[in-house]
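Visitor: Okay, handing you the structure first.
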């Protein structure tokens, strides 16, 4: 009997997951919980829709027309760097459908193409603030608000742990959470996340190379940033994250409640 490639891949992935969870229990660590994502790949169309919604809001509320122009420039630079080709001349003046069409036609060569918008939004803010190396939270705030607005009703979370679980539930429902991820609750103020083969790795890698950092000078984590911002919008500003390991081979990030 011959198994299909996709079935073999699925079986291998789940064997690795079971071994990973079992090893953490052997070490006497708090139990790893797998984040229950039923999909194999994030929904890039949703990522695109959320990004375009956020870009329009930020243009109207804060930066004006210079903002989308720079987002297009940096998104195209990011994409073309991954494709190892020259950036098309004048592409920063293209309209959004043409930008999206260009990304779409290159998805076979670079399947994570639509993540270029998330990179470009943070990069643009760092440039516009006149502080090379500082990533503000305006863009990510608007992205998370857009995520929350996609749900008719969200029950108010009362504490850090329940709010973390709610954040995970929502980003999984929209298929924007990397599918192969785990978490463990260290205590009532510390939660650890582990992500295998993160689809946003290229964004974080670009930030590291370009010295685009958090407000405190530490390393940006796209997933940590997304989850922590959701919690802050629900419970207030006393939350943060720290990237402990980057792609070695997994990413590990700690989300904390600050006293």
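Numbering (our numbering), first residue to last: 1328 to 1586.
Using N, Cα and C, we set each Cβ at its ideal position, and we do this for glycine too.
Cutting at 6 Å between CB atoms, please list the residues of its own chain near residue 1341, excluding the five before and the five after it.
Guide: By one-based count along the chain shown, residue 1341 stands at place 14. A caution first: residue 1341 carries a pLDDT of 49, below 50, which makes its placement in the model unreliable, though a value can still be read off. Here the set comprises nothing.
Visitor: Let me check understanding here. Comparing Cα to Cα, which of 1521, 1540, 1542 and 1448 lies closest to residue 1554?
Guide: Taking the first residue of the chain shown as 1, we reach residue 1554 at position 227. The candidate whose alpha carbon is nearest that of residue 1554 is 1521.
Visitor: With DSSP collapsed to three states, give me the class of residue 1434.
Guide: Here residue 1434 corresponds to residue number 107 of the chain shown, with the count starting at 1. Looking at residue 1434 - three-state DSSP - the assignment turns out to be coil, as it is neither helix nor strand.
Visitor: Which residues in the same chain have their Cβ closer than 7 Å to the Cβ of residue 1423, if we skip the five residues on either side of it in sequence?
Guide: Counted from its first residue, the chain shown places residue 1423 at position 96. Within the same chain, residue 1423 has close Cβ partners 1379.
Visitor: According to the Cβ coordinates, are residue 1574 and residue 1528 closer than 9 Å?
Guide: Taking the chain shown and counting its residues from 1, the one referred to as residue 1574 is at position 247. Taking the chain shown and counting its residues from 1, the one referred to as residue 1528 is at position 201. Against a cut-off of 9 Å, the Cβ pair of residue 1528 and residue 1574 comes out as a contact.
Visitor: With C-beta atoms as the reference, is residue 1562 less than 9 Å away from residue 1487?
Guide: In the chain shown, residue 1562 corresponds to position 235, counting from 1. In the chain shown, residue 1487 corresponds to position 160, counting from 1. Yes, Cβ-Cβ distance for residue 1562 and residue 1487 is below 9 Å.
Visitor: State the Cα-Cα distance for the pair residue 1535 and residue 1485, rounded to the nearest angstrom.
Guide: Along the chain shown, read from residue 1 onward, the residue named residue 1535 stands at position 208. Along the chain shown, read from residue 1 onward, the residue named residue 1485 stands at position 158. Roughly 35 Å separates the two Cα atoms.
Visitor: For residue 1492, report the span of its alpha helix (DSSP H) as first-last.
Guide: Taking the chain shown and counting its residues from 1, one reaches residue 1492 at position 165. Counting along the chain, the alpha helix (DSSP H) containing residue 1492 begins and ends at 1487 to 1500.
Visitor: Evaluate residue 1392 with the Cβ neighbour count: other Cβ atoms within 10 Å of its Cβ, from every protein chain shown; 16 or more gives buried, anything less gives exposed.
Guide: For the purposes of this step, residue 1392 is identified with residue 65 of the chain shown, where counting begins at 1. Flag for residue 1392 reads exposed.
Visitor: Find the nearest neighbour of residue 1539 within the set 1386, 1448, 1517 and 1382, judged by alpha-carbon distance.
Guide: By 1-based counting over the chain shown, the position of residue 1539 is 212. For the residues 1386, 1448, 1517 and 1382, the minimum Cα distance to residue 1539 belongs to 1448.
Visitor: Using CA coordinates, which residue listed in 1515, 1419, 1505 and 1542 is at the minimum distance from residue 1456?
Guide: Taking the chain shown and counting its residues from 1, the one referred to as residue 1456 is at position 129. Nearest option by C-alpha distance: 1542.
Visitor: Give me the DSSP bridge partner(s) of residue 1578.
Guide: One-based indexing of the chain shown puts residue 1578 at position 251. According to DSSP, which records beta bridges pairwise, residue 1578 is partnered with 1522.
Visitor: Considering only residues of the same chain and omitting the five flanking positions on each side of residue 1469, which have a CB-CB separation below 7 Å?
Guide: Here residue 1469 refers to the residue found at position 142 of the chain shown. If we look at residue 1469 and ignore the five residues flanking it on each side, its Cβ neighbours are 1381, 1384 and 1385.
Visitor: Cα separation between residue 1451 and residue 1500?
Guide: Position 124 of the chain shown holds residue 1451. Position 173 of the chain shown holds residue 1500. The straight-line gap from Cα to Cα measures roughly 28 Å.
Visitor: Below 8 Å CB to CB, which residues in the same chain sit around residue 1369 once its five sequence neighbours on both sides are set aside?
Guide: Here the question's residue 1369 lines up with position 42 in the chain shown. Excluding sequence neighbours, residue 1369 sits near 1502, 1503, 1504, 1505, 1506 and 1526.
Visitor: For residue 1513, which of helix, strand or coil comes out of DSSP?
Guide: In the chain shown, counting from the first residue as 1, residue 1513 sits at position 186. Note: residue 1513 maps to strand in three-state DSSP.
Visitor: Compare the Cα-Cα distances from residue 1476 to each of 1400, 1441 and 1557 and report the closest residue.
Guide: On the chain shown, residue 1476 is found 149 positions in, with the first residue counted as 1. Of 1400, 1441 and 1557, the residue nearest in Cα terms is 1557.
Visitor: Note the first and the last residue of the continuous beta strand (DSSP E) segment covering residue 1572.
Guide: On the chain shown, residue 1572 is found 245 positions in, with the first residue counted as 1. Start and end: 1566 to 1572.
Visitor: Three or more beta-carbon pairs under 8 Å between the region 1431 to 1448 and the region 1510 to 1524, yes or no?
Guide: Judged by Cβ distances under 8 Å, the region 1431 to 1448 makes no contact with the region 1510 to 1524, as fewer than three pairs qualify.
Visitor: Where does residue 1583 fall in DSSP's three states?
Guide: Residue mapping note: residue 1583 aligns to position 256 of the chain shown, counting from 1. Of the three classes helix, strand and coil, the one that applies to residue 1583 here is strand, per DSSP.
Visitor: If you count every other CB in all the chains shown that lies within 10 Å of the CB of residue 1440, and 16 or more means buried, which is it?
Guide: Start at 1 with the first residue of the chain shown, and residue 1440 comes out as number 113. Label assigned to residue 1440: buried.
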